[in-house]
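**Student:** Below is a structure I'd like to ask you about.
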Amino acid sequence: MSRLIVISNRVAAPTPQGEGGAQGGLAVALSAALREYQGLWFGWSGKTVEEFTGDIEFARHDGVSSATIDLEPQDVDEYYNGYANRTLWPLFHYRIDLAEYDRSFGSGYERVNERFAETVAPLIEPDDLVWVHDYHLIPLGSQLRESGIRNRIGFFLHIPWPPARLLTSLPAHERLVLSLLAYDVIGFQTAEWLESFQNYVERELGGHCDADGTIHVGDRSVHAAAYPIGIDYKEFQQAVASPGAHEACSRLTESAAGRHTIIGVDRLDYSKGLAERFEGYRRFLEDNDHCRGKLFLLQIAPPSRGEVDTYETIRESLDELSGRINGEYAEVDWVPIRYVNQGYGREDLAGFYRAAKIALITPLRDGMNLVAKEYVAAQDPDDPGILILSRFAGAALQLKEALLCNPYSKEDISDSIRRALAMPKEERIRRWRAMNEVVEKQDVVWWRKCFVDALERSRR
Ligand code: GDG
341 MSRLIVISNR VAAPTPQGEG GAQGGLAVAL SAALREYQGL WFGWSGKTVE
391 EFTGDIEFAR HDGVSSATID LEPQDVDEYY NGYANRTLWP LFHYRIDLAE
441 YDRSFGSGYE RVNERFAETV APLIEPDDLV WVHDYHLIPL GSQLRESGIR
491 NRIGFFLHIP WPPARLLTSL PAHERLVLSL LAYDVIGFQT AEWLESFQNY
541 VERELGGHCD ADGTIHVGDR SVHAAAYPIG IDYKEFQQAV ASPGAHEACS
591 RLTESAAGRH TIIGVDRLDY SKGLAERFEG YRRFLEDNDH CRGKLFLLQI
641 APPSRGEVDT YETIRESLDE LSGRINGEYA EVDWVPIRYV NQGYGREDLA
691 GFYRAAKIAL ITPLRDGMNL VAKEYVAAQD PDDPGILILS RFAGAALQLK
741 EALLCNPYSK EDISDSIRRA LAMPKEERIR RWRAMNEVVE KQDVVWWRKC
791 FVDALERSRR
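Residue numbering for the sequence shown follows our numbering, beginning at 341 and increasing consecutively.
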């Protein structure tokens with residue numbers, strides 16, 4: 341069997357179950373996938389050094405070998421905080437109003453991708469399969485080719501692919517997309533993002549796309565398909581059954597004192613639609629005064645990307661908005677929103693999901709959204725809760741039995757909460773069963789197999 345070399349911006353060593361901290365979706369999914377493979381996870385250590393040395397630090401943790409490098413502060417500013425998080429992240433989430441185009445970001449992005457290529461290339465053996473992850477590393481494949489790597493290399497994008505008309509607002513968009521053609525397989529979360537990519541290839545590059553997923557541009561052919569990421573279902577079931585989860589579930593249930601919990605769990609990010617969610621919930625309270633005091637919204641939102649100003653702004657505005665709603669509606673013995681800016685361990689989260697009657701997951705745009713799947717996996721099969729899910733999350737294409745809503749519409753959010761509260765148990769069970777089947781079958785192992793099989797099948 342070939343080894344698997346995974347390359348992503350950050351390498352998160354697997355943490356023992358239940359340990360705290362806000363691991364991102366990518367980290368959670370990849371540590372699970374790598375546990376099964378012999379191989380190596382390569383990326384940035386998260387640390388900086390005054391001058392780039394290319395020294396590699398090797399480690400082995402829980403069956404996963406990792407190799408990390410340090411970057412210079414300027415690299416982090418231009419590549420990570422700059423091009424990745426100030427340019428590509430907003431643009432790929434359809435927020436061209438927030439995207440910043442600064443020439444130094446673009447050159448820093450290229451430079452760091454070259455640094456990744458130079459340092460990882462000597463670690464790659466002839467039979468290895470190489471799997472590159474996410475928007476931080478789009479040009480890495482072509483730079484590895486320049487370093488003489490002939491292995492099969494795949495790329496998976498965890499976030500949406502924007503419509504061609506938006507993508508063309510990016511200076512040098514063609515160069516970026518052309519660099520993707522150096523890969524053998526390109527994976528997207530959903531058919532929708534895949535279609536946007538195909539559309540760009542046809543409109544802007546004059547390529548064409550076969551029905552079997554092969555994309556042709558000039559003399560280059562690449563396989564592009566949708567591989568929706570899943571959760572580690574078995575691991576999550578164990579977390580749900582753990583004493584830690586039981587304790588967390590009881591803690592929340594006791595503090596709820598007979599009231600229904602509506603839960604939201606999201607990194608503090610503008611793509612997650614938190615302000616719109618709070619406004620939708622406020623609308624619900626306004627329109628349904630008989631429900632006040634009978635439920636509350638528990639919003640867990642661990643901070644992310646503190647270095648980028650937009651995140652400071654969103655934090656301030658959410659502090660203010662939640663404070664205002666609480667000020668307007670709170671009673672001496674009831675607060676409508678419990679807004680928590682800290683991360684919890686996986687067992688705690690599993691217990692909180694289990695205790696919540698409703699999950700309100702309303703991103704404005706999301707590649708997939710693993711929280712929605714975790715919520716489904718955590719439910720009691722005999723008395724499951726209800727998932728309200730944004731139709732603009734990739735997960736909505738798989739979880740069709742959720743109450744799908746428009747996250748921009750306060751009325752729609754409010755109506756969905758009302759519908760969820762009134763839903764009979766039989767309907768809850770029927771919807772949950774259909775969703776749980778997808779979450780269980782199309783888990784992270786299935787996802788990894790689909791992608792790696794496609795990569796193995798591809799021939800250079
Ligand atoms: C990107 C894409 C795509 C959150 N708070 C805590 C915590 N989390 C965990 C959740 C979940 C993960 O982080 C978040 O995953 P999402 O999928 O919801 O979102 P992103 O971080 O934006 O991930 C996304 C994903 O990549 C995978 O491809 O689905 O669309 O944007 O697992 O549980 N975990 C712990 N404590 C917390 O407080 N332990």
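Backbone N, C-alpha and C define an ideal beta-carbon position, used for all residues, glycine too.
I need the DSSP call for Gln639, collapsed to helix, strand or coil.
**Tutor:** As a working note, residue 639 is residue 299 in the sequence shown. Looking at Gln639 - three-state DSSP - the assignment turns out to be strand.
**Student:** Check for me: the alpha helix (DSSP H) holding Asp627 runs from which residue to which?
**Tutor:** As a working note, residue 627 is residue 287 in the sequence shown. Unbroken alpha helix (DSSP H) run through Asp627: 614–627.
**Student:** Pull up the distance between the alpha-carbon of Val525 and that of Glu796, whole angstroms please.
**Tutor:** Position 185 of the sequence shown, counted from the first residue, corresponds to residue 525. Position 456 of the sequence shown, counted from the first residue, corresponds to residue 796. C-alpha separation (whole angstroms): 10 angstroms.
**Student:** Measure the C-alpha to C-alpha separation of Asp437 and Asp415 and round it to an integer number of angstroms.
**Tutor:** Residue numbering aside, residue 437 sits at position 97 when the sequence shown is read from its first letter. Residue numbering aside, residue 415 sits at position 75 when the sequence shown is read from its first letter. When rounded, the distance between both Cα atoms is 24 angstroms.
**Student:** Exposed or buried, Val672, counting other C-beta atoms within 10 Å across all chains shown (16 or more means buried)?
**Tutor:** Within the sequence shown, the letter at position 332 stands for residue 672. Classification of Val672: exposed, given that the 10 Å Cβ count is below 16.
**Student:** How is the alpha helix (DSSP H) around Tyr679 delimited, first residue to last?
**Tutor:** As a working mapping, residue 679 is identified with position 339 in the sequence shown. Not the alpha helix (DSSP H): Tyr679 falls in the beta strand (DSSP E), residues 677–680.
**Student:** Helix, strand or coil for Asp688 per DSSP?
**Tutor:** Translated into positions along the sequence shown, residue 688 becomes position 348. Three-state result, Asp688: helix.
**Student:** Label Gln378 either buried or exposed according to how many other C-beta atoms from any shown protein chain fall within 10 Å of its C-beta, with 16 as the threshold for buried.
**Tutor:** As a first step, residue 378 must be located in the sequence shown, where it is residue number 38. When all chains shown are included, Gln378 counts as exposed.
**Student:** Within 10 angstroms of its Cβ, does Ala522 collect 16 or more other Cβ (buried), or is it exposed?
**Tutor:** Taking the first residue of the sequence shown as 1, we reach residue 522 at position 182. So Ala522 ends up on the buried side.
**Student:** Short of 6 angstroms in beta carbon distance, which residues of its chain neighbour Glu454, apart from the five on each side in sequence? Order them along the chain.
**Tutor:** Indexing the sequence shown from 1 puts residue 454 at position 114. For Glu454, where only same-chain residues beyond five positions count, the Cβ hits under 6 angstroms are Gln483.
**Student:** How many Å lie between Arg451 and Tyr419 at the Cα?
**Tutor:** The sequence position of residue 451 within the sequence shown is 111, counting from 1. The sequence position of residue 419 within the sequence shown is 79, counting from 1. Roughly 8 angstroms between the two C-alpha positions.
**Student:** Let me know if Pro764 comes out buried or exposed under the rule of 16 or more other beta-carbons within 10 Å of its beta-carbon.
**Tutor:** The residue given as residue 764 occupies position 424 in the sequence shown. Counting Cβ neighbours within 10 Å, Pro764 comes out exposed, since fewer than 16 surround it.
**Student:** Name the two residues that bound the continuous alpha helix (DSSP H) containing Asn453.
**Tutor:** Here residue 453 refers to the residue found at position 113 when the sequence shown is read from its first residue. Looking at the DSSP string, the run of the alpha helix (DSSP H) that includes Asn453 is 443–460.
**Student:** Report the start-end ranges of each alpha helix (DSSP H) in the stretch 493–558 that is 4 residues or longer and not cut off at the edges.
**Tutor:** Taking only runs of at least 4 residues, the alpha helix (DSSP H) segments lying wholly in the stretch 493–558 are 504–507, 513–520, 531–545.
**Student:** So does Gly683 have its beta carbon nearer than 7 angstroms to some heavy atom of the ligand GDG?
**Tutor:** Taking the sequence shown and counting its residues from 1, one reaches residue 683 at position 343. Result yes, Cβ under 7 angstroms from the ligand GDG.
**Student:** So Ile602 packs on Ala696, CB below 8 angstroms; how close in whole Å?
**Tutor:** Position 262 of the sequence shown holds residue 602. Position 356 of the sequence shown holds residue 696. The Cβ separation is near 7 angstroms, so the contact holds.
**Student:** Give the DSSP-derived three-state secondary structure of Ser561 in the structure shown.
**Tutor:** The count along the sequence shown starts at 1 and reaches residue 561 at position 221. Strand.
**Student:** What is the residue span of the alpha helix (DSSP H) that Thr593 lies within?
**Tutor:** For the purposes of this step, residue 593 is taken as residue 253 along the sequence shown, with counting starting at 1. First-last of the alpha helix (DSSP H) with Thr593: 583–596.
**Student:** Roughly how many angstroms separate the alpha carbons of Ser590 and Gly691, rounded to a whole number?
**Tutor:** Position 250 of the sequence shown, counted from the start, is the residue given in the question as residue 590. Position 351 of the sequence shown, counted from the start, is the residue given in the question as residue 691. Roughly 8 angstroms between the two C-alpha positions.
**Student:** For Thr702, count neighbouring C-beta atoms within 10 Å of its own C-beta (all shown protein chains included) and say buried if the count is 16 or more, exposed if not.
**Tutor:** On the sequence shown, residue 702 is found 362 positions in, with the first residue counted as 1. Buried, because 16 or more other Cβ atoms sit within 10 Å of the Cβ of Thr702.
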